[in-house]
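S.K.: Residues -26 to -1, 1 to 890, numbered by mature numbering (1 follows the signal peptide of the UniProt record, and there is no 0), are exactly what the sequence shown covers, in order. Take a look at the following structure, please.
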Amino acid sequence: MFPTSRRLAVLILAAAFLVPAPPATAAALSDPGFFGTWSGSAWTVGPRLNYALTGLKPVETAVKAGNYTLAKQRLLDYYRARPAIEAGGFSHTTWPGAIELTADHIWTLGSGEAHIRTLTFGPGEKTVTADVTSSINSGRTGFFLMSRHKDPVIALINSRSKGSGKPTLRLTLADGSVRSLTPAHDTYIWAAHPGSVYGTKYYLQVSDQGPGPFTAETRKAYLRFDLGGVTNVKKAELTLTGTADTAKDIMLYGNDETFDEATRTWSNTVQNTFSWEGDPGGFDWKLPAGADREYLYQLPRFYFAGPLALEYQKTGDEQHARTLIGLMTDFVKDADAYDADQGAGSYPGNLHAARRLHNWIAAYEILRKSPSLTPEANTAILKTMNRAGLYLQANVNATPNKMQSQKITLLHAAVYFPEFRVAPAWRTNAADFLSAQLDEATYADGGYKESTDAYLRGYLRQYVDVVAFMRRNGITFTATAKLRQLGRFLMDQSYPSGYGPAYGDSDSLDLRSTLKSLGELLGDPELRYVGTSGAAGERPAHTSVRYPDTRVAISRSGWSAGDSYLRLNADRGNHSHPDELAITAYAYGRPLLPDMGTFTYSTDDRAEWLRLTTEAHNTIEIDEQPQTSTAAGGISHLISNPAFDLIGANTESSAGVRHERSVLSLHSGLWLVSDRLKPADTAKVHRYEQNWHLAADANPSMRSGTEATTTAFATGANLTIVPADPAEVASSLRDGYYAPRFYTVENAKYASYVKTRSGQTTFDTLLVPSKGAADPSTTVERLPVSGTPSSEATALSLDGGTGVYYKSWTTKAPRTFGDYAFDGKLLHADAGSIVMVDGSSLERAGETLVKAPAAVEDLAVTFGSDGTVRIDGSGLTPSTDPGESIAIKAPNATKVLLNGVAVPFERVGALIHAAA
């Protein structure tokens, strides 16, 4: 999968050299530089405030008198008395541990680790029990223990290796039964010994002391329980037994990460919770060694400002206001330096400055009347917000979501701070930019240039909010048509359930609220329909769709949760993965071939495998190397019929080999995938690995002989994967990972089929979704095609001859395979249907099944048990004239529907004529 020798760097001693740090001395904006300098009868330094506003006259008077101390007091008086102005919302209204722990500078990144409560051990041995129901029911089946205070006391918690007093998870189920589990894995990690493993020790050690996020004495413990097959948990209680010399407070977190106690070390653990408790320097706004790199970005964005400010607004407890004001002024002191490359207020970069200012504006509206806000603190905060706005006005980033966020924040600042002299310029700059930027962020076909549905969802959500904000404030937005087109693109990407398929750097999010809000904003009934799961609006007029410029195709049978869906991509751009021609598939209410997600942006082996390897995606990896996603390729065609879709795609993203993939998607519930690999050097041997990835709870098995892989979910839909050449592939179920959401990762299996050979090579694979249990007996047998190699034309006998499939990779020609003779490009036939593309004649055992005067672009014939024959195809018109119409074998026909409309038909022997 990936080299086992690769390990995370030990960063403990080198952290200062690996992360960007704020300059040691900040070039603070002086009081004269902010308020202005008045000399006799003129401003020698222009003020940043607009003293023409009546309420600011007392400030101006104090400044002209040279009394900046009084000016600060008058400015605070002004803002405390100022009527409310719309300040926008917070980026986050919840944040792990923010309320309980933020005052002590104990920070958690993301949702993978969620604080539950603090437990106390010692003096002596003590057994404690914690209610962990909410953690278990939110999908966190693991726990992590960390010292609440920086002190020299070490807590020793019994591990699963201890003879007695083992950790126990007691589960009370909805039926009243009780299950008691011990950990499947438990261990601790120790900063002083970053490469050491402690998985077999009798005790889990927990300790933390000294300044900074950790020292050599920091030890954290982890437990993981196996809840496979356990559902409907009514109550969950975790019992731990431990000892300490004196009372020791231990924080208990729910944890969402799979690990192996035999390999977990400090060096290979991505840590997202750190503590500066008791450190007189407090949080330093830097990246702790070993943390996900997002730690450097998300905390300076002040995602915790919302929870603190809203709690203060709710309770009036000044402790929350003091904490947030203290953090804001600490940031000003530590990090708001002038940088010649970026500018004041920019640390540690453009998007981060925008998010921070956005949160500060919303927080300021709540904090401005707090007794804890001093004139000095108020002025320092306003100075930084003014500098940040100037930076966002001048800085334009190339990434769409970053550009958008910067200008949205700038617009909010312009509206909220009319006191800033530059506010009118900010307003014009931001409004013009936001209307024009959609052209830069999208391809000509309306697709989004960042290859990720999660980022697209956030991008559209921000437009929903800012366009409504602009309308409320009399600001014109001129790009509604482009916004609607991009909303339709997100709608097309969505699963039938309304969730996103999680392609690129993403996780599967519910897209419906964004689509609903966008539909209401734009008056779009189709967006409203998908956004409300059909409760309002109008069902989209289309199902399947191809985006040629974005290089994506979607096949879907409909817009209801039970419909089928398949996504094939050759996309590229920011946040894309090396997943050219990857398939994501969904049927009967479940993703059956999911994208495996992202986990984190850290240099963790699992995260890098998920994000940076082709092997981690439902496509073909060539020569064990990741693809180059910027290479030539695309979706060559989508032939769409009410009964089926045919998608063709290609990529040259693997050096020296062209990969072509064809997918026949039958809306009755079947997918046929044909791959052709065309090396430039036909004598060179290449390794081709076709992979099919499955969810962590898929419980797959592989049947010897047919090498078919079947899933066994506890309930609901399943999938059978059947290769056409079982004897020619090296088949195995391999160990991989699945990250259903950020900061969460689970072990998962995937089916691997490998061919190693020279010359052109093909794979043909049958994918069979089922509403219930999968059928492991499904078979595929290759049929010879008129002496033609499978790299030119391929044919398969399906399920013991009950069905047949044929595809021509080259110019069509009359060919025979098994009992069939066909002259078109593609065929699928079984007892109940016939599907043809670009063909005119189909025979079986010398008997005509379909005969047309000329090739039909696409034709689907479905035979109902009640005698109804449904004919669907492009450009077909009713006709019963045997001289010009299509002859179809249907001896039991009693009624014919042509593209859904009843038409007359003429019978000639066993053949009927109804369409031409």
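Glycine is no exception: its CB is placed at the ideal position from the N, C-alpha and C atoms.
May I ask which residues mark the beginning and end of the alpha helix (DSSP H) holding Val440?
M.R.: Its alpha helix (DSSP H) spans residues Asp427 to Arg446.
S.K.: According to DSSP, is Ala672 part of a helix, a strand, or is it coil?
M.R.: In this structure, Ala672 counts as coil in the three-state DSSP scheme.
S.K.: For Arg564, is the classification buried or exposed, using 16 other Cβ atoms within 10 angstroms of its Cβ as the cut-off for buried?
M.R.: By the 10 Å Cβ count, Arg564 comes out buried.
S.K.: Which of helix, strand or coil does DSSP assign to Thr517?
M.R.: Coil, per DSSP.
S.K.: In chain order, which continuous runs of the alpha helix (DSSP H) of length 4 or greater are located wholly inside the region 231 to 290?
M.R.: Complete alpha helix (DSSP H) runs here, min 4: 268 to 272 and 279 to 289.
S.K.: Quick one: any contact between the region 642 to 650 and the region 716 to 733, if contact means 3 or more CB pairs under 8 Å?
M.R.: No, because fewer than three Cβ pairs between the region 642 to 650 and the region 716 to 733 fall closer than 8 Å, the two stretches do not touch.
S.K.: Pick out whichever of Asn246, Glu681, Gly256 and Gly290 has its Cα sitting closest to the Cα of Tyr269.
M.R.: Minimum Cα distance to Tyr269 is reached at Asn246.
S.K.: Excluding five sequence neighbours on each side, which residues of the same chain lie with their C-beta closer than 7 Å to the C-beta of Ala88?
M.R.: For Ala88, where only same-chain residues beyond five positions count, the Cβ hits under 7 Å are Pro70, Ser109, Arg114, Tyr227 and Gly228.
S.K.: To the nearest whole angstrom, what separates the beta carbons of Tyr177 and Leu212, a pair I think is in contact under 8 Å?
M.R.: 17 Å between Cβ atoms; not a contact.
S.K.: Do Phe199 and Leu147 have their CB atoms nearer than 9 Å?
M.R.: Going by C-beta atoms, Phe199 is not nearer than 9 Å to Leu147.
S.K.: Please list, in chain order, all residues of the same chain as Arg530 whose beta carbon is under 8 Å from its beta carbon, the five residues on each side excluded.
M.R.: Counting only Cβ-Cβ distances below 8 Å, and skipping sequence neighbours, we find Pro470, Thr517, Ser518, Asp537, Ser538, Tyr539 and Leu540.
S.K.: Rounded to the nearest angstrom, how far is the Cβ of Ile163 from that of Arg193, given a contact under 8 Å?
M.R.: Contact flag correct, Cβ pair sits at about 7 Å.
S.K.: Hey, which unbroken runs of the alpha helix (DSSP H) at 4 residues or more fall wholly within the region 83 to 156?
M.R.: With a minimum length of 4 residues, the continuous alpha helix (DSSP H) runs that stay inside the region 83 to 156 are 107 to 111.
S.K.: Pull up the CB-CB distance for Val526 and Ile609, whole angstroms please, since I reckon it's below 8 Å.
M.R.: The pair is a contact, with the Cβ atoms about 7 Å apart (cut-off 8 Å).
S.K.: Name the DSSP beta bridge partners of Ala834, please?
M.R.: In DSSP, Ala834 forms a bridge with Val809 and Asp846.
S.K.: Going straight from the alpha carbon of Ala889 to that of Asp619, what length do you get?
M.R.: Looking at the two C-alpha atoms, the distance is approximately 21 Å.
S.K.: Please confirm whether Thr836 and Ala617 have their CB atoms less than 9 Å apart.
M.R.: Contact flag set, yes.
S.K.: Output yes or no for whether 9 Å exceeds the beta carbon distance between Pro697 and Val754.
M.R.: Yes, the Cβ-Cβ distance between Pro697 and Val754 is below 9 Å.
S.K.: Enumerated in chain order, which unbroken segments of the alpha helix (DSSP H) with a length of 4 residues or greater are wholly contained in the region 474 to 555?
M.R.: As far as the region 474 to 555 is concerned, its whole alpha helix (DSSP H) runs of at least 4 residues are 486 to 496 and 499 to 505.
S.K.: So, at 7 Å on beta carbons, what are the nonlocal neighbours of Asn111 in its own chain, with the 5 sequence-adjacent residues on each side left out?
M.R.: Val207.
S.K.: If I'm right that Ala867 touches Phe879 with Cβ under 8 Å, what's the distance once you round it to whole angstroms?
M.R.: Going by Cβ atoms, the distance from Ala867 to Phe879 rounds to 7 Å, so yes, they are a contact pair.
S.K.: Tell me which residue opens and which closes the alpha helix (DSSP H) that Ser409 is part of.
M.R.: Note, Ser409: alpha helix (DSSP H), Ala397 to Ala415.
S.K.: Going straight from the alpha carbon of His386 to that of Arg22, what length do you get?
M.R.: The straight-line gap from Cα to Cα measures roughly 18 Å.
S.K.: Determine the extent of the alpha helix (DSSP H) in which Arg342 is found, giving its start and end residues.
M.R.: Unbroken run through Arg342: none, as it is neither H nor E.
S.K.: At which residues does the alpha helix (DSSP H) containing Pro32 begin and terminate?
M.R.: Note, Pro32: alpha helix (DSSP H), Lys31 to Lys38.
S.K.: Within the chosen definition, does the region 677 to 689 reach the region 630 to 641 through at least 3 CB pairs nearer than 8 Å?
M.R.: Flag = no, the region 677 to 689 and the region 630 to 641 do not touch.
S.K.: Counting along the chain, where does the alpha helix (DSSP H) carrying Asp5 start and finish?
M.R.: From DSSP, the alpha helix (DSSP H) with Asp5 extends over Asp5 to Phe9.
S.K.: Thinking C-beta only, is Ile224 closer than 9 Å to Val171?
M.R.: The answer is no: Cβ separation not under 9 Å.
S.K.: Does the beta-carbon of Val870 have 16 or more other beta-carbons within 10 angstroms, so that it is buried, or is it exposed?
M.R.: That one is buried.
S.K.: Would you kindly check if the distance between the Cβ of Ala388 and the Cβ of Ala410 is under 9 Å?
M.R.: In this structure, Ala388 does not lie closer than 9 Å to Ala410 by Cβ.
S.K.: With 16 as the cutoff for other CB atoms within 10 Å, does Thr43 come out buried or exposed?
M.R.: It counts as exposed.
S.K.: Give the range of the alpha helix (DSSP H) segment to which Phe463 is assigned.
M.R.: Phe463 -> alpha helix (DSSP H) spans Thr454 to Gln467.
S.K.: What is the rounded straight-line gap between the Cα of Leu816 and the Cα of Lys786?
M.R.: The alpha-carbon atoms of Leu816 and Lys786 are separated by roughly 13 Å.
S.K.: With respect to the beta strand (DSSP E) encompassing Phe791, which residues constitute its N-terminal and C-terminal limits?
M.R.: Here the beta strand (DSSP E) through Phe791 covers Arg789 to Phe791.
S.K.: Could you pull out every unbroken beta strand (DSSP E) segment of at least 3 residues lying fully inside the region 563 to 603, listed in chain order?
M.R.: Qualifying beta strand (DSSP E) stretches, in chain order: 564 to 567 and 594 to 596.
S.K.: Evaluate Val659 with the Cβ neighbour count: other Cβ atoms within 10 Å of its Cβ, from every protein chain shown; 16 or more gives buried, anything less gives exposed.
M.R.: Its Cβ having fewer than 16 others within 10 Å, Val659 is exposed.
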